[in-house]
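First up is the structure itself, then whatever we jot down about it.
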Amino acid sequence: MTTTISNSNLTARINHFGAELFSLQNRDDKEYIWEGNPSFWGKHSPVLFPIVGTLKNSSYYYEGTEYHLPRHGFARDMEFILSNKSENSATFSLTSSEESRNVYPFDFELQIIYTLDKNKLIIGYNIINNNNCIMPFSIGAHPAFALPKPFEEYSLAFEYPETLTSYELENDLLSDKSTTLEMIENQISLTYSLFQKDALIFKNLQSKNITISENKKPLLCVQFDDFPNLGIWTKSNAPFLCIEPWLGYSDTVHSSGNILEKEGIQLLEAKKSLKYNFSIEIL
């Protein structure tokens with residue numbers, strides 16, 4: 001099943017499976033979300049929960065028991081319920097089940113709220129801890145933006161001039177190695193060589209928005225005030241770019257496996273909830 005929301009400027013379409021955004025169009029029907037061609041990458045904008053990235057040995061320990069979770073968790077592969085709908089907004093809900101507790105032993109509700117406001121799509125996450133104990137979690141976004149022209153015609157503009165330190169992956173885990181990207185006037189030009197070692201991973205950017213430009217003309221802006229970490233990724237010769245606001249990231253090569261000690265993990269108090277959002281503005 002899919003749900004459509006719209007206003008006078010934009011139309012967004014969301015698949016109930018994974019509560020995944022798969023289309024964002026302006027009034028001229030220009031599409032901004034990657035089509036999901038499986039020859040490159042068969043997704044559009046998956047939700048990453050209750051982990052972001054990869055666990056060491058694809059496993060973790062909680063209170064002495066070992067659990068296994070795939071890369072980026074399970075929410076992207078589960079059916080959400082449409083719990084609220086208006087013309088320009090839709091709320092999707094995923095609650096814990098026997099299936100989820102087998103790999104993540106917590107009672108939770110994850111709400112994802114899509115809202116259109118003028119030229120902006122706001123994506124909100126509400127994480128609810130229904131346990132009588134602390135619940136560890138990470139959450140992240142993975143939107144892929146369609147770049148139909150040659151990749152080198154695009155560039156990224158960061159909110160502030162800063163040192164861009166990207167942490168390298170080793171067997172999908174964060175290593176001790178890092179690379180500093182050269183930025184000219186707050187911008188970097190896109191080339192596939194930037195992604196030879198997989199995603200660019202930033203732990204603490206000063207900038208909280210990034211603009212994609214096409215031939216120096218601003219195309220869209222991703223704003224992520226609530227997210228301290230960011231991934232930027234594409235595949236070789238693929239006509240898309242992912243800008244991924246994260247709360248958390250892959251295990252480090254030094255990870256102990258204890259989920260409560262995981263670098264970047266969030267700890268949500270018993271019977272509490274936390275809200276985060278980011279936005280995509282069409283320029």
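For the sequence shown, the UniProt record's numbering assigns the number 1 to the initial residue and increments by one for each residue that follows.
From the three backbone atoms N, C-alpha and C, an ideal C-beta is built for every residue, glycine too.
**OP:** Following the continuous alpha helix (DSSP H) through E281, name the residue where it begins and the one where it ends.
**Re:** Note, E281: premise wrong, no alpha helix (DSSP H); beta strand (DSSP E) at 273-282.
Original post:
Helix, strand or coil for K217 per DSSP?
Top reply: strand
Original post:
If you follow the beta strand (DSSP E) that R13 is part of, which residue opens it and which one closes it?
Top reply: 10-15
Subject >> Cut-off 7 Å between Cβ atoms - residues of its own chain near E214, not counting five sequence neighbours on either side >> reply: K149, E153, Y154
Original post:
Count the other CB atoms within 10 Å of the CB of H254; is the residue buried (16 or more) or exposed (fewer)?
Top reply: exposed
Original post:
I think Y281 touches N132, with their Cβ atoms under 8 Å apart; what is that distance to the nearest whole Å?
Top reply: The question names Tyr, but residue 281 in the sequence shown is Glu. The pair is not a contact, with the Cβ atoms about 40 Å apart (cut-off 8 Å).
Subject >> For D198, the three-state DSSP class (helix, strand or coil) >> reply: coil
Original post:
Do F145 and Q223 come within 8 Å of each other at the CB atom, strictly closer than that value?
Top reply: no
**OP:** Pull up the CB-CB distance for P38 and G18, whole angstroms please, since I reckon it's below 8 Å.
**Re:** The pair is not a contact, with the Cβ atoms about 15 Å apart (cut-off 8 Å).
Subject >> Euclidean distance between Cα positions of D251 and L181 >> reply: 23 Å
Original post:
Which whole-angstrom value describes the C-beta separation of K235 and F40, a residue pair presumed to lie in contact below a C-beta threshold of 8 Å?
Top reply: 5 Å
Original post:
Quick one: what's got a C-beta closer than 6 Å to Y198's C-beta in the same chain, skipping five residues either side?
Top reply: A small fix is needed here, since residue 198 is Asp in this sequence, not Tyr. Hits under 6 Å: L169.
Subject >> Residues sharing a beta bridge with M135, DSSP >> reply: L268
Subject >> S83: first and last residue of the uninterrupted beta strand (DSSP E) it sits in >> reply: 81-85
**OP:** Would you check if the distance between the CB atom of A141 and the CB atom of T211 is smaller than 8 Å?
**Re:** no
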